[in-house]
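A.B. asks: Residue numbers (the working numbering): 4 to 108. A virtual CB, placed ideally from N, CA and C, is assigned to each residue, including glycine. This is the structure I have questions about; it appears just below.
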Amino acid sequence: MASQSLSVLTGVVLDECTLVTFTELCQCCDVEGEVVAEMVDVGILEPSGRGPGEWRFAADSLRRAATAVRLQRDLGVNLAGAALALELLERIERLEARLRALQRY
4 MASQSLSVLT GVVLDECTLV TFTELCQCCD VEGEVVAEMV DVGILEPSGR GPGEWRFAAD
64 SLRRAATAVR LQRDLGVNLA GAALALELLE RIERLEARLR ALQRY
């Protein structure tokens with residue numbers, strides 16, 4: 004029998020009340036602080052706090068930032084384009100949720 008290599012995934016479950024720091028967001032998305040600051044500038048991320056040292060991000064910011072990074076890396080999309088793509092993807096998600104709700108009736 005051939006031996007198989009197994010990977011173990013670990014993670015942290017975040018709820019909508021969880022806040023992450025600027026540093027934690029950078030680490031989770033494996034990006035430099037300048038990239039996160041640019042994401043804030045173009046509206047991809049909306050932190051609370053006065054500046055990077057005080058910024059706190061909602062848990063869903065991790066998903067938005069990771070998606071923006073993938074759009075840049077995989078498709079060569081700039082951050083302004085990633086902001087537009089995220090807006091459109093979220094709109095599609097809301098419309099699909101409404102459609103599912105309507106189909107139940």
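What does a CB cutoff of less than 8 Å around residue 56 pick up in its chain, not counting 5 residues either side in sequence?
C.D. replies: Within the sequence shown, the letter at position 53 stands for residue 56. Closer than 8 Å at the Cβ level, and outside the excluded window around residue 56, lie 25.
A.B. asks: List the endpoints of the continuous beta strand (DSSP E) containing residue 24.
C.D. replies: Within the sequence shown, the letter at position 21 stands for residue 24. Residue 24 -> beta strand (DSSP E) spans 22-24.
A.B. asks: Use the C-beta contact count for residue 23: other C-beta atoms within 10 angstroms, 16 or more gives buried, fewer gives exposed.
C.D. replies: Here residue 23 refers to the residue found at position 20 of the sequence shown. That one is buried.
A.B. asks: According to the Cβ coordinates, are residue 67 and residue 82 closer than 8 Å?
C.D. replies: Taking the sequence shown and counting its residues from 1, the one referred to as residue 67 is at position 64. Taking the sequence shown and counting its residues from 1, the one referred to as residue 82 is at position 79. Cβ atoms of residue 67 and residue 82: not closer than 8 Å.
A.B. asks: To which residues of the same chain is residue 101 closer than 7 Å at the C-beta, ignoring the five residues directly before and after it?
C.D. replies: Numbered from 1 along the sequence shown, position 98 holds the residue referred to as residue 101. Correct list: empty, nothing qualifies.
A.B. asks: Under 8 Å by Cβ, that's how I've got residue 39 and residue 29 pegged, so tell me the actual separation to the nearest angstrom.
C.D. replies: For the purposes of this step, residue 39 is identified with residue 36 of the sequence shown, where counting begins at 1. For the purposes of this step, residue 29 is identified with residue 26 of the sequence shown, where counting begins at 1. About 6 Å separates the two Cβ atoms, so the contact holds.
A.B. asks: Would residue 32 count as contacting chain D if we go by Cβ distances under 8 Å?
C.D. replies: No chain D is present in this structure, which holds just one protein chain.
A.B. asks: Identify whether residue 40 lies in helix, strand or coil by the three-state DSSP scheme.
C.D. replies: As a working note, residue 40 is residue 37 in the sequence shown. Residue 40: helix per DSSP, three-state reduction.
A.B. asks: Using DSSP bridges, identify the partner residues of residue 61.
C.D. replies: Start at 1 with the first residue of the sequence shown, and residue 61 comes out as number 58. Answer is 22.
A.B. asks: Less than 6 Å between C-beta atoms, sequence neighbours within five positions excluded: which residues of the same chain meet that for residue 86?
C.D. replies: Locating residue 86 in the sequence shown gives position 83, counting from the first residue. If we look at residue 86 and ignore the five residues flanking it on each side, its Cβ neighbours are 45, 46, 47.
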